[in-house]
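Numbering-wise (the numbering used here), the sequence shown opens with residue 168 and increments by one. In what follows, a structure is listed as structure tokens, so that the remarks can point back to it.
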Amino acid sequence: MDKAALELRQLSHVYVNDKGAALALENIDLSVARGEFVALVGPSGCGKTTLLSLLAGLFAPTVGQVLLNAKEVTGPTPKVGYMLQQDYLFPWRTIRDNAAIGLEINGTKSRSAMKLVDEWLGELGLAGSGMKYPHELSGGMRQRVALARTLVTEPEVLLLDEPFSALDLHIKLQLEELVQLTLRKLGKTAVLVTHDLAEAAAMSDRVIVLGRNPGHIKRTFFMPVELREAGPMEARKHQSFQQAFDDLWTELDSEGETRSVPHA
Ligand code: ADP
Ligand code: MG
């Protein structure tokens, strides 16, 4: 890992609406190395989605800076891809045309780009589904389409806002595996927001626990090397996994809001 792909410098964000002003994030300093996989966990309302939106350049922070490859982010860029919990596929478009939406937005749709769409659909196990419509696919397949759509535009950084949380457990585990191995193979930088501490520990190089009122970085946990090197399934079987999970649990529990049950 060389220099920072993403950086937040002394960033604070205030939402202003007709009810007044609310400080959502305060004084966030964060640097994510190229190729690093970082997870953000924290109680609901602590500013995780706000943080990802700022990283995506969807709006500017009230105070501070967002840097991508040492350049200030001033708006959305094709270099940053965003994948959400909801897949937001258009029901009237085929899978193939859904996966090509990012290319259309960027103005880079071409015959060769469509070949890349087909290659990604194949790579993600959707080779026979290109001409189908979203309603014909399962939830896990739809999230794979959303991943293909994000990857075909070849972003350097992927922002993932709870992309697995609506899925059944075994599909979720399979998708964690697929996403992590794919991003690692491509050397992508990733920031994952999740409620699932086991998922955070199994997938990431580093887990950042946020606290709220206002949102701030509470503590950072570097995952042990044997967990980082293993894929998510394999990591769960390691002896140090339980300890990593317990450390996260304890930190989050001190925030007074954990909603899942500790891992057995
Ligand atoms: P999380 O994703 O961690 O649940 P969010 O980033 O969605 O948290 O929200 C952080 C805080 O900012 C919350 O208090 C939320 O109510 C507030 N907030 C989020 N979006 C807006 C908005 N568009 N306008 C006003 N307040 C907002
Ligand atoms: Mg959120």
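Positions of the beta carbon are idealized from the N, C-alpha and C atoms, including for glycine. In this text the structure is predicted, and so the values were computed from the model without any measurement.
Handout entry: C-beta atoms of P228 and L178 nearer than 8 Å
Key = For P228 and L178, yes; Cβs fall inside 8 Å.
Problem - C-alpha gap between R367 and F389, whole angstroms - result: First, the residue type needs correcting, since residue 367 is Ala and not Arg in the sequence shown. The alpha-carbon atoms of A367 and F389 are separated by roughly 11 Å.
Practice task
Please report how far the alpha carbon of F226 lies from the alpha carbon of G242, in whole angstroms.
Solution key: 7 Å
Handout entry: With 16 other Cβ atoms within 10 Å as the buried cut-off, status of R403
Key = buried
Practice task
In the DSSP assignment, find the unbroken alpha helix (DSSP H) run with G306 in it and report its ends.
Solution key: 306 to 319
Handout entry: Segment limits, beta strand (DSSP E) that includes L266
Key = According to the sequence shown, residue 266 is Ala rather than Leu. A266 -> not in any beta strand (DSSP E); alpha helix (DSSP H) instead, spanning 262 to 266.
Practice task
Give the straight-line distance between the Cα atoms of Q252 and Q406, rounded to the nearest whole angstrom.
Solution key: For Q252 and Q406, the distance between alpha carbons rounds to 30 Å.
Problem - G212 Cβ short of 7 Å to ligand 1 heavy atom set - result: yes
Handout entry: Rounded separation between M168 and M281 - CA only
Key = In this prediction, M168 scores a pLDDT of 46, lower than 50, which makes its location untrustworthy; the coordinate-derived value is nonetheless stated afterwards. Those two C-alpha atoms are separated by around 32 Å.
Problem - Residue environment, T387, which counts as buried when at least 16 other CB atoms sit within 10 Å - result: exposed
Practice task
Report buried or exposed for Q347, applying the criterion of at least 16 other Cβ atoms within 10 angstroms of its Cβ.
Solution key: buried
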